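Chemist: Below you will find the structure I want to go over with you.
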């Protein structure tokens, strides 16, 4: 039999988390989540990212972007199943994810490819993992542009929500990009993809059971 105090503890903890979340300003989330950027740049400059600092920096920024996209997908199920209301941070997390994807791309364009546009376009067409990654970035652009209250009013809540379902495509492409990027079969990108597929499955519309038909008398 489940102890009664355990239920009270869960309710108290949930209320504590929800009340704390209501008090946390979104700007604090931006500051906290962007702290890795200067730290990674420092490590890249001082040899803390190994023999290939540019590749390592590119990878770290991309992985943080994928993690933020996954966190954004988790917010609704967390509220549904655990009663934790973090919805106010969902748009913030989405903007942060786009920021990290843009930084990931910027490092590739400027530092890795040295602005060699012809070679970059060649790689985008010839290397599937780059093609997929670029497609994911393009899918995120309209979401980043419309992640504001003015866009919600102009588009209407229904159209805005439909547009932002592109998040599902973007995170799926991000997971595929990571799997194809690594050499050989590695566990970490497969775990990310399993989590992504699980979260997307939770959003899959369930068919309503049809009422039993009454046989004609």
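Numbering (the numbering used here), first residue to last: 1 to 217.
Think of the CB as a built atom: it goes at the ideal place given N, C-alpha and C, for glycine as much as any other residue.
Note that this is a predicted model, so its numbers are computed, not measured.
Counting contacts by CB-CB distance shorter than 7 Å, is residue 100 in contact with chain D?
Modeler: Reference to chain D is not applicable here, since this structure consists of a single protein chain.
Chemist: Do the region 58-75 and the region 118-128 make contact, defined as three or more Cβ pairs closer than 8 Å?
Modeler: They do not touch, by the three-pair rule.
Chemist: What three-state label does DSSP hand residue 26 in the structure shown?
Modeler: For the purposes of this step, residue 26 is taken as residue 26 along the chain shown, with counting starting at 1. The answer is helix: DSSP assigns residue 26 an H, G or I state.
Chemist: Quick one: grab the DSSP three-state call for residue 146.
Modeler: In the chain shown, residue 146 corresponds to position 146, counting from 1. Note: residue 146 maps to coil in three-state DSSP.
Chemist: What would DSSP say about residue 113, mapped onto helix, strand or coil?
Modeler: Working through the chain shown from its first residue, we reach residue 113 at position 113. Looking at residue 113 - three-state DSSP - the assignment turns out to be coil, as it is neither helix nor strand.
Chemist: Using CA coordinates, which residue listed in 141, 14, 200, 201 is at the minimum distance from residue 96?
Modeler: Start at 1 with the first residue of the chain shown, and residue 96 comes out as number 96. If we check each option's Cα against that of residue 96, 141 comes out closest.
Chemist: Does DSSP put residue 18 in a helix, a strand or coil?
Modeler: Here residue 18 refers to the residue found at position 18 of the chain shown. Helix at residue 18.
Chemist: State buried or exposed for residue 42, treating a residue as buried only when at least 16 other CB atoms are found within 10 Å of its CB.
Modeler: Here residue 42 is taken as the residue at index 42 of the chain shown, counted from 1. So residue 42 counts as exposed.
Chemist: With a cut-off of 8 Å on the beta carbons, I'd call residue 147 and residue 91 a contact; round off their distance for me.
Modeler: For the purposes of this step, residue 147 is taken as residue 147 along the chain shown, with counting starting at 1. For the purposes of this step, residue 91 is taken as residue 91 along the chain shown, with counting starting at 1. Contact flag correct, Cβ pair sits at about 5 Å.
Chemist: For residue 182, which three-state DSSP category applies?
Modeler: Mapped onto the chain shown, residue 182 falls at position 182. If DSSP states are grouped into helix, strand and coil, residue 182 belongs with coil.
Chemist: Using a 10 Å radius around the Cβ and a threshold of 16 neighbouring Cβ atoms, would you call residue 150 buried or exposed?
Modeler: Taking the chain shown and counting its residues from 1, the one referred to as residue 150 is at position 150. Around the beta carbon of residue 150, fewer than 16 other beta carbons lie within 10 angstroms, which makes this residue exposed.
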